[in-house]
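Engineer: Using the working numbering, read the sequence shown as starting at 13 and increasing by one per residue. A single structure is presented below for examination.
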Amino acid sequence: MQFKDKFLDLSSPRVMGILNVTPDSFSDGGAFNILDNGLVQAELMISEGADIIDIGGESTRPGAQAVSVQQELDRVIPVIESMYQRFDTIISIDTSKAKVMTEAVNAGASLINDVRALQENGSLVAAVEANVPVCLMHMQGQPRAMQQSPQYDDVVKDVMTFLQERISVCCDAGINADQIIVDPGFGFGKSLEHNYKILANLEAFHQLNAPILAGMSRKSMIGNLLNRQIEQRLAGNIAVATVAAQKGAQIIRVHDVKETVDAVKIINMINACRNNNER
Ligand SMILES: Nc1nc2[nH]c(SCC(=O)O)nc2c(=O)[nH]1
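Here you go:
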C-alpha cells in the first residue's frame with residue numbers, strides 16, 4: 013500500500029507501534045516532556061521493527077473525556093513534525109477531527125486512523141483532500157458510554173455491514189478503494205464475548221477486500237479474561253496478536269513492538285512452509 017512516498021508491502025503482517033501523546037500517557041505529563049518522551053518512545057519502537065507509528069492525542073478509552081481541537085493539535089503536531097524530520101517511518105494520526113487530520117498530514121502523517129470511520133463533521137472531506145490511506149474502524153456508541161451494554165444481532169455480521177457501508181460512502185466521496193484499511197474495533201462497544209467472536213472469525217473480514225488492522229493490545233478483552241492488570245498482559249497481547257496475524261490481519265496495532273515483531277516472524281515462517289508444501 014502506498015503511504016505518500018513510502019510503499020509498505022502488506023503481503024505479510026506489519027506492526028504498528030502505539031504512541032499516545034496524552035498527558036496521562038507519560039508519568040511527568042508536561043508539554044516538553046510529552047514531545048521529548050514521545051520521540052524517545054517512537055525511536056525505540058522503530059528500532060524494534062515497527063513499520064508504522066500511530067500517534068493519538070485524545071484518549072478513546074471507555075469513559076474518556078473529550079478533548080478540544082486545539083488541545084489535540086498542540087499535542088500531536090510537534091511530535092509529527094519532529095518525527096518527520098528525524099525518522100524514515102510511516103506516521104499515522106489517530107484522530108476523528110477533520111482539522112487534526114488536515115494539519116497532521118500537512119506536518120508529515122501519511123495514514124489517517126479514525127476510530128469513528130470518518131463520520132464526524134468534515135472528516136470525510138478532510139480525508140479525501142488529504143489523499144492518504146485511511147483506516148475505518150467500527151465503534152458502537154461513543155467512548156464515554158460504549159461499554160455500558162453493547163448489543164448486536166450478530167456482532168460479526170453487524171460490524172461487517174457497517175464497514176462495507178463506510179467503504180461505499182468513502183469511495184463515493186472520492187477515496188480510492190486501494191487506500192482503505194478496515195478495523196473491527198476491538199473494545200469499542202463490545203462485550204468480552206463480542207471481542208472474541210470477532211477475533212475467532214477475523215478471516216471473514218477479508219470479504220471486504222481491504223487490509224485488516226487489529227488493535228487488541230492491553231485491552232480489557234485480555235485483562236478481564238486473564239484477570240491481569242495492564243502491565244501484566246504481555247502474554248495475552250502476544251497471544252491475540254499471533255492469532256490475528258495467523259488469520260491474515262495485515263496491520264497489528266500494539267504497545268509491545270519487539271515481542272510482536274518476533275511473533276510475526278514465526279507466523280511468516282509457518283506461512284512460508286505451508287506455501288512451500290502447496291507448490
Ligand atoms: N484503528 C484503531 N485505532 C485505535 N485506537 C485505539 S485507542 C484505545 C487503545 O489503544 O486502547 N484503539 C484502536 C484500535 O483498536 N484500532
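The C-beta atom is built at its ideal place from N, Cα and C for all residues, glycine as well.
#1: Spell out whether any CB of chain B is found under 7 Å from the CB atom of I65.
#2: Restricting to Cα atoms, I'd like to know which of A256, T114, I224, G186 is closest to A292.
#3: Can you give the Cα-Cα distance for S180 and V171, rounded to whole angstroms?
#4: Using DSSP with H/G/I as helix, E/B as strand and the rest coil, what is F19?
#5: Tell me which residues share the same chain as R98 and place their Cβ nearer than 8 Å to its Cβ, disregarding the 5 neighbours each side in the sequence.
#6: For P162 versus G197, is the C-beta spacing smaller than 7 Å?
#7: Which residues mark the beginning and the end of the beta strand (DSSP E) in which D106 is found?
#8: Return helix, strand or coil for D165, following the three-state DSSP convention.
#9: How many Å lie between N125 and S108 at the Cα?
#10: Output needed for L22: all residues of its chain with C-beta closer than 6 Å, excluding positions within five of it in sequence on either side, in chain order.
#11: Tell me whether M13 counts as near ligand 1, meaning its Cβ is closer than 6 Å to at least one heavy atom of that ligand.
#12: So, is Q191 buried or exposed, given that buried needs 16 or more other C-beta atoms within 10 angstroms?
#13: Using 10 angstroms around the beta-carbon of N188, count the other beta-carbons present and answer buried if the total reaches 16, otherwise exposed.
#14: One question on the structure: do G120 and V269 come within less than 7 Å of each other, judged by their Cβ atoms?
#15: So does C285 have its beta carbon nearer than 6 Å to some heavy atom of ligand 1?
#16: Mind checking which residues open and close the alpha helix (DSSP H) that includes G248?
#17: What are the boundary residues of the alpha helix (DSSP H) that R98 is part of?
#18: Considering L237, what are the terminal residues of the alpha helix (DSSP H) in which it resides?
#19: Can you tell me whether L148 is helix, strand or coil according to DSSP?
#20: Ligand 1 and G29: does any heavy atom of the ligand fall closer than 6 Å to the residue's C-beta?
#21: According to DSSP, what are the bridge partners of M28?
#22: Give every residue of the same chain whose Cβ lies closer than 8 Å to the Cβ of I89, excluding the five residues on either side of it in the sequence, and list them in chain order.
#23: Going by DSSP in three states, A226 sits in which element: helix, strand or coil?
#24: Of the choices E271, Q258, A275, H267, whose alpha-carbon is the least far from that of R286?
#25: Could you check what DSSP says for Q191 in three-state terms: helix, strand or coil?
#26: Identify the continuous alpha helix (DSSP H) that holds I210 and give its terminal residues.
#27: Checking 7 Å against the spacing of the C-beta atoms, do C147 and D184 come in under that value?
Structural biologist: To lay it out plainly:
#1: Annotation note: the requested chain B is absent from the structure, which comprises a single protein chain.
#2: The structure shown does not extend to residue 292, since the chain spans only 13 to 291, so no value can be given for it.
#3: Taking the sequence shown and counting its residues from 1, the one referred to as residue 180 is at position 168. Taking the sequence shown and counting its residues from 1, the one referred to as residue 171 is at position 159. So the two alpha carbons sit approximately 14 Å from each other.
#4: Stepping through the sequence shown from its first residue, residue 19 is reached at position 7. In the structure shown, F19 sits in a strand (DSSP, three-state: E or B).
#5: As a first step, residue 98 must be located in the sequence shown, where it is residue number 86. So the qualifying residues of the chain are L51, E55.
#6: Numbered from 1 along the sequence shown, position 150 holds the residue referred to as residue 162. Numbered from 1 along the sequence shown, position 185 holds the residue referred to as residue 197. Cβ atoms of P162 and G197: not closer than 7 Å.
#7: Mapped onto the sequence shown, residue 106 falls at position 94. Unbroken beta strand (DSSP E) run through D106: 102-106.
#8: Here the question's residue 165 lines up with position 153 in the sequence shown. D165 falls in the coil class under three-state DSSP.
#9: Residue numbering aside, residue 125 sits at position 113 when the sequence shown is read from its first letter. Residue numbering aside, residue 108 sits at position 96 when the sequence shown is read from its first letter. Answer to the nearest angstrom: the Cα atoms are 8 Å apart.
#10: Against the sequence shown, residue 22 aligns to sequence position 10. Closer than 6 Å at Cβ, skipping near neighbours: M13, P223, Q262.
#11: Taking the first residue of the sequence shown as 1, we reach residue 13 at position 1. No, the Cβ of M13 stays beyond 6 Å of every heavy atom of ligand 1.
#12: As a working mapping, residue 191 is identified with position 179 in the sequence shown. Per the 10 Å Cβ criterion, buried.
#13: By one-based count along the sequence shown, residue 188 stands at place 176. Exposed: under 16 other Cβ atoms inside 10 Å.
#14: Translated into positions along the sequence shown, residue 120 becomes position 108. Translated into positions along the sequence shown, residue 269 becomes position 257. No; because the gap between Cβ atoms is not below 7 Å, this pair is not in contact.
#15: Locating residue 285 in the sequence shown gives position 273, where the first residue counts as 1. Every heavy atom of ligand 1 is 6 Å or more from the Cβ of C285, so no.
#16: The sequence position of residue 248 within the sequence shown is 236, counting from 1. It spans 246-258 - the alpha helix (DSSP H) in which G248 sits, taken as one unbroken run.
#17: The residue given as residue 98 occupies position 86 in the sequence shown. Per DSSP, R98 belongs to the alpha helix (DSSP H) from 81-98.
#18: What you label residue 237 is simply residue 225 of the sequence shown in a count that begins at 1. 232-238 is the extent of the alpha helix (DSSP H) around L237.
#19: Reading the sequence shown from its first residue, position 136 is the one you call residue 148. Three-state DSSP puts L148 in a strand.
#20: Reading the sequence shown from its first residue, position 17 is the one you call residue 29. Checking every heavy atom of ligand 1 against the Cβ of G29, none is found closer than 6 Å.
#21: Locating residue 28 in the sequence shown gives position 16, counting from the first residue. For M28, which the question treats as bridged, DSSP gives the partners I64, R265.
#22: Sequence index remark: in the sequence shown, residue 89 carries index 77 (1-based). Excluding sequence neighbours, I89 sits near E115, A116, A119.
#23: Here residue 226 refers to the residue found at position 214 when the sequence shown is read from its first residue. It is a strand residue.
#24: As a working mapping, residue 286 is identified with position 274 in the sequence shown. Checked all of E271, Q258, A275, H267; the closest Cα to R286 is Q258.
#25: Your numbering for residue 191 matches position 179 in the sequence shown. Here Q191 sits in helix by DSSP.
#26: For the purposes of this step, residue 210 is taken as residue 198 along the sequence shown, with counting starting at 1. Where I210 is concerned, the enclosing alpha helix (DSSP H) stretches over 204-212.
#27: Counting from 1 along the sequence shown, the entry for residue 147 is found at position 135. Counting from 1 along the sequence shown, the entry for residue 184 is found at position 172. It is not a contact, given that the beta carbons lie outside the stated cut-off.
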